[in-house]
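**Q** These protein sequences, in sequence, are chains A and B.
Reminder that position 174 of the first sequence reads as 174 in UniProt numbering, one-by-one numbering, no gaps.
Reminder that position 111 of the second sequence reads as 111 in UniProt numbering, one-by-one numbering, no gaps.
This is the structure I want to talk about, given as structure tokens.
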Amino acid sequence: MNRKFVLVFALLLAAGAYIQLVEPKPVLLERPLSEFPARVGEWRMVREDIFSPEIMAILRPTDYMSRDYVDAQGHRVTLYIGYHGGRKGDGGIHSPRNCLPSSGWYTNSTGLIPVRLRDGRDVEIVDTVMSKDVYTVSFYYWYQVRGGILTNEYALKLSEMWNSIVSRRKDAAFIRVSMPIPDPHAGRNPVMDRFVADFYPLIHQYLPE
Amino acid sequence: MTVSKWLEANKWYVAAYCVVIGLVYHEIITDMVSDWARDDNYSHGFLVPLVSAYFLWANRKSILEAPAEPAGWGLWIVLLGLAQLVVGSLATEYFTMRTSMITVTGGTIVYLLGWEACRRMLLPLLYLLLMVPIPVILYDSMTMPLKLFVAKVSVQGLVFFGYPVLREGNIIMLPNITLEVADACSGLRSLMSLIALSVAFAFLTQRGVWKKWVLIVSALPVAVITNIMRVFLTGVLAKHYGSVAAEGFFHEFAGFMVFFVAMVVMAVIGWGLKLGEKRHES
């Protein structure tokens, strides 16, 4: 008997069995995102999008919401939350860094900015301005994993790996706030800042720690 | 003992190895194959294992004559490959999962047959890496600047020849049509296929190490230049024939033509490198 071969077989089969049997446990939301309030401070929900089966087949989130809110001055801001809890068949998070440019969006600028919350804390999130045809849109986005905020895809992947090994879960959420703006070089958008400050604590409550 | 004698004695184990790999990796393999079928950028994936098998066959004499001197280090490479598999599948990181197959096989060869035998099988083994799609994040960060470059140069060409045109990022606006230099027409779609082909071509036709590299590296400018021509010509045709020139059949046909022209250019470069060789010898 070739013992070395047998050893390689045993190792291969053990690794194969491990990935088949020790799957991360999905983490479900305590309250579905559909229960997310339609009124938050002065913001009022004016539209809620239900994604088509085609989009859902690509995104495969565990739960999601895509809504438009308007404030008293009529500023209209879109909020998307995609929650990926790690059920079998759930997809991963699609980073706007990949998806938007490859569907024809042009990145005017992108960078990290601190946003001041109501409790005086600053959170660092991604601020990016993209254009397609005649539209220019300001996007703020971040990833939330177990209560913490991440702003890049590599860190997201690493934390997913780490959590899978250490605590057998790989839930993560993607939060994107967006609003059309007239000029790609207008600089920071105070309406978006206010929106994030108003919604951040609530989003935090809905996602798992 | 040579590899040839070793193979004689262990052929059933080698067969069993293929079965075990198939068993452990079947989901990962079928998933990758469906990527090849779905993504134009990786359709060359179907060819890669065949080319790799050809390299194995072409080098069979040297491989079979290699001494079989097992090296314990190989086991560590196997373990590294398996760590790749486990961590990759925990994080759903496909590149890591898929390449682990190649690491494990390389490690097994070192462990059972030694470094020298592995060295002689390195080309077919490493060539297999080209069948694995690169992570999207990396691929996009590499190709985005090239994409913008293609758009910029084609627009300058169109302006130079008097076509009224505007560019915003990778979007080209002609009076009657907007061209989007998106993934499919950036030239970077065909880039991966062209690299896979140029590596095969380099090892099949060139002897000198630097000549192989020249041929492989030239895949990049060839892909970029042929795509600038494509965008430019689409712009010219769109001006005269309207948007049909940039859609449907013409679009597909142009994509194919660009790849064909790129291959011809690569063949000419390969031939040029050979030409120098002959002159040098005589």
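For glycine and all other residues, C-beta sits at the position ideal for the given N, C-alpha and C.
(1) Please report how far the alpha carbon of A:F139 lies from the alpha carbon of A:H185, in whole angstroms.
(2) Who are the neighbours of B:L146 on chain A, taking C-beta pairs under 8 Å?
(3) Ordered along the chain, which non-local residues of its own chain (more than five positions away) have a Cβ less than 7 Å from that of B:G106?
(4) Which runs of the alpha helix (DSSP H) fall wholly inside the stretch 92 to 118 of chain B and span at least 4 residues, in chain order?
(5) For a test of the three-state rule: what should DSSP assign to B:A200, helix, strand or coil?
(6) Taking only three categories from DSSP, how would you classify A:P114?
(7) Let me see if you follow: with CB-CB separation under 8 Å, is B:T99 close to chain A or not?
(8) Going by the CB atoms, is the gap between A:S178 and A:T78 shorter than 8 Å?
(9) Tell me whether the stretch 159 to 179 of chain A and the stretch 20 to 38 of chain A touch, counting them as touching only if at least three CB pairs, one residue from each stretch, are closer than 8 Å.
(10) Run through the stretch 47 to 84 of chain B for me and flag every whole alpha helix (DSSP H) of 4 or more residues, listed as ranges in chain order.
(11) For the alpha helix (DSSP H) containing B:E8, name the first residue and the last one.
(12) Going by the DSSP bridge assignment, what does A:K132 pair with across the sheet?
(13) DSSP beta-bridge partners for A:R44?
(14) With 7 Å as the C-beta to C-beta threshold (strictly closer), list the residues of the stretch 81 to 99 of chain B near chain A in chain order.
(15) Who are the Cβ neighbours of A:R76 in its own chain at under 6 Å, not counting the five residues just before and after it?
(16) Alpha carbon to alpha carbon, how far is B:V20 from B:L113? Give it in angstroms, no decimals.
(17) Using a Cβ-Cβ cut-off of 8 Å, state whether B:A15 counts as contacting chain A.
(18) State yes or no: is the C-beta of A:V126 within less than 8 Å of the C-beta of A:T136?
(19) Taking 8 Å as the threshold (beta carbon to beta carbon), is B:T108 in contact with chain A?
(20) Quick one, which of A:E35, A:L21, A:V6 has its alpha-carbon nearest A:L202's?
(21) According to DSSP, what are the bridge partners of B:S141?
(22) What first and last residue would you give for the alpha helix (DSSP H) that runs through A:A197?
(23) Buried or exposed: where does A:D49 fall if 16 or more other Cβ atoms within 10 Å of its Cβ makes it buried?
(24) When the cut-off is 8 Å and only beta carbons count, does A:F5 lie next to chain B?
(25) Under 8 Å between beta-carbons, which chain B residues line up against A:S167? List them in chain order, please.
(26) Taking 8 Å as the cut-off, does the stretch 92 to 110 of chain B touch the stretch 8 to 25 of chain B (at least 3 CB pairs, one atom from each stretch)?
(27) Is residue 253 of chain A helix, strand or coil when you go by DSSP?
(28) Give me the residue from B:V136, B:S141, B:M173, B:P135 with the minimum Cα distance to B:K152.
(29) I'd like the list of long-range same chain contacts for B:L80, defined as Cβ closer than 8 Å, with 5 residues on each side in sequence excluded.
(30) Got a sec: is the Cβ-Cβ distance from B:L128 to anything in chain A below 8 Å?
(31) Between the Cα of A:R47 and the Cα atoms of A:V123, A:K88, A:Y80, A:H84, which residue gives the shortest distance?
(32) Check the Cβ of B:I137 against every Cβ in chain A and list those closer than 8 Å, keeping chain order.
(33) So, is the C-beta of B:N227 closer than 8 Å to a C-beta in chain A?
(34) Does any residue of chain B have a CB that is nearer than 8 Å to the CB of A:L21?
(35) Please tell me whether A:S164 has its Cβ less than 8 Å away from any Cβ of chain B.
(36) Distance check for B:S89 and A:V6, CA to CA, integer angstroms please.
**A** Considering the structure as presented:
(1) Whole-angstrom Cα-Cα distance: 13 Å.
(2) Those within 8 Å of B:L146 in chain A number zero; the least Cβ separation is about 13 Å.
(3) Here the set comprises I77, C118, L125.
(4) If we require 4 residues or more, the alpha helix (DSSP H) runs fully inside the stretch 92 to 118 of chain B come out as 94 to 113.
(5) Helix, per DSSP.
(6) Taken through DSSP and simplified to helix, strand or coil, A:P114 comes out as strand.
(7) For B:T99, the answer is no, since every Cβ of chain A falls outside 8 Å of its Cβ.
(8) A contact, by the Cβ cut-off of 8 Å.
(9) Judged by Cβ distances under 8 Å, the stretch 159 to 179 of chain A makes contact with the stretch 20 to 38 of chain A, as three or more pairs qualify.
(10) Listed in chain order, they are 47 to 58, 60 to 65.
(11) Secondary structure note for B:E8: its alpha helix (DSSP H) is the uninterrupted segment 3 to 38.
(12) According to DSSP, A:K132 bridges with A:Y135.
(13) Under DSSP, A:R44 takes part in a beta bridge, and its partners are A:R39, A:V70.
(14) Listed by position, the residues of the stretch 81 to 99 of chain B near chain A (Cβ gap below 7 Å) are L82, L85, V86, V87, S89, L90, A91, T92, E93.
(15) These residues qualify, in order along the chain: D68, V70.
(16) Their backbone Cα atoms lie some 19 Å apart in a straight line.
(17) It does not; no Cβ of chain A falls within 8 Å.
(18) The answer is no: Cβ separation not under 8 Å.
(19) Any Cβ of chain A closer than 8 Å to the Cβ of B:T108 would place that residue at the interface, and such an atom is present.
(20) Of all alpha-carbon atoms in A:E35, A:L21, A:V6, the one lying nearest the alpha-carbon of A:L202 is that of A:E35.
(21) Under DSSP, B:S141 forms no beta bridge with any residue.
(22) From DSSP, the alpha helix (DSSP H) with A:A197 extends over 190 to 206.
(23) That one is exposed.
(24) Interface with chain B (8 Å Cβ-Cβ cutoff): A:F5 is included.
(25) Within 8 Å of the CB of A:S167, no CB atom of chain B is found; the nearest one sits about 11 Å away.
(26) Because the criterion of three Cβ pairs below 8 Å is met, the stretch 8 to 25 of chain B and the stretch 92 to 110 of chain B touch.
(27) Summary: the structure shown does not reach residue 253 of chain A, with chain A confined to residues 1 through 209, and so no result is reported for it.
(28) The shortest Cα separation from B:K152 among B:V136, B:S141, B:M173, B:P135 belongs to B:M173.
(29) Same-chain partners within the cutoff: T103, G107.
(30) No, B:L128 lies away from the interface with chain A (no Cβ there is under 8 Å from its Cβ).
(31) The residue with the shortest Cα to Cα distance from A:R47 is A:Y80.
(32) In chain order: S95, R97, N98, E153, Y154.
(33) Nearest CB-CB separation between B:N227 and chain A: not below the 8 Å threshold.
(34) For A:L21, no Cβ of chain B is located within less than 8 Å of the residue's own Cβ.
(35) It does; some Cβ of chain B falls within 8 Å.
(36) Roughly 24 Å between the two C-alpha positions.
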